[in-house]
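Single-structure report; data block below.
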Amino acid sequence: MNNEDAGTFCERINHLFRRFQSRPGMRGTQKEYRERLGVSEGQLKGWLLGKSEPSFDTLKKIARIEGVSVGWLIGEESPATDNSPAAQLYSRLSRADAQTVAQTEQFLNYLEYQKQVSEGENKGTGT
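All residue numbers for the sequence shown refer to full-length UniProt numbering, where the first residue is 1 and numbers rise by one.
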């Protein structure tokens, strides 16, 4: 059983924190992770040490931020193996440095803009 398959919330949040720390070009401190999740120092320390668990609303927030399910966070399901292009891209971006993420976001904004322009031109020509 690898760390990703570990069953308790404490093990899973520790796995996510280690993943956060291992991102290229990032320090990945507890303070940065707390800010990412929007929680207090005491909350995160309690979770990492297995002394407390978050509320259901906080579990949903963590799951959304980390791209995992609430079921996985609480140990009720194995990690999904989603090999879709979007999941693969998300996986790559989660390991990217801040500059790469910012450039990717700018490029996606550009693509969305181009699509809107193209759709606007098509409406104007009746196609």
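The beta carbon of each residue, even a glycine, is placed where N, CA and C say it ideally should be.
> Between F17, T8, Y113 and R92, which lies nearest to K45 when the distance is taken from Cα to Cα?
Replying inline: Residue numbering aside, residue 45 sits at position 45 when the sequence shown is read from its first letter. The shortest Cα separation from K45 among F17, T8, Y113 and R92 belongs to F17.
> Out of curiosity, what's the CA-to-CA distance linking R95 and E121?
Replying inline: The sequence position of residue 95 within the sequence shown is 95, counting from 1. The sequence position of residue 121 within the sequence shown is 121, counting from 1. One C-alpha to the other measures close to 38 Å.
> Which residues bound the alpha helix (DSSP H) around I65?
Replying inline: Along the sequence shown, read from residue 1 onward, the residue named residue 65 stands at position 65. In the DSSP assignment, I65 falls within the alpha helix (DSSP H) that extends over F56 to E66.
> Can you tell me whether I62 is buried or exposed, with buried defined as 16 or more other CB within 10 angstroms of its CB?
Replying inline: Stepping through the sequence shown from its first residue, residue 62 is reached at position 62. Looking at its Cβ environment, which holds 16 or more other Cβ atoms inside 10 Å, I62 is buried.
> Apart from the five residues on each side of it in sequence, which residues of its chain come closer than 7 Å, Cβ to Cβ, to G71?
Replying inline: What you label residue 71 is simply residue 71 of the sequence shown in a count that begins at 1. Taken in chain order, the residues that qualify are E77.
>> Which same chain residues end up closer than 6 Å to E53 when comparing Cβ atoms and leaving out the 5 residues on each side of it in sequence?
In response: For the purposes of this step, residue 53 is taken as the residue at position 53 of the sequence shown. Only residues of its own chain outside the window of five on either side were considered, and among them F9 have a CB closer than 6 Å to the CB of E53, listed in chain order.
>> Taking its Cβ as the centre, do 16 or more other Cβ atoms sit within 10 Å of R12, making it buried, or is it exposed?
In response: Locating residue 12 in the sequence shown gives position 12, where the first residue counts as 1. Taking a 10 Å sphere around the C-beta of R12, we find 16 or more other C-beta atoms and assign the residue as buried.
>> Could you tell me the alpha carbon to alpha carbon distance between A6 and Q30, rounded to whole angstroms?
In response: Looking up residue 6 in the sequence shown gives position 6. Looking up residue 30 in the sequence shown gives position 30. Low per-residue confidence applies at A6: pLDDT is 47, beneath 50, and the placement is therefore not dependable, though the value from the model is reported in the following sentence. Straight through space, the alpha carbons of Q30 and A6 are spaced by roughly 21 Å.
> Skipping 5 residues on each side, what residues in its chain have a beta carbon closer than 6 Å to that of G25?
Replying inline: Taking the sequence shown and counting its residues from 1, one reaches residue 25 at position 25. Closer than 6 Å at Cβ, skipping near neighbours: D97.
>> Suppose you measure from the CA of N3 to the CA of H15; what does that come to, to the nearest Å?
In response: As a first step, residue 3 is located in the sequence shown; it is residue number 3 there, counting from the start. As a first step, residue 15 is located in the sequence shown; it is residue number 15 there, counting from the start. Low confidence applies to N3: its pLDDT is 42, below 50, so where it sits in the model is not reliable, and the reading given next is rough at best. Going by C-alpha positions, N3 is about 6 Å away from H15.
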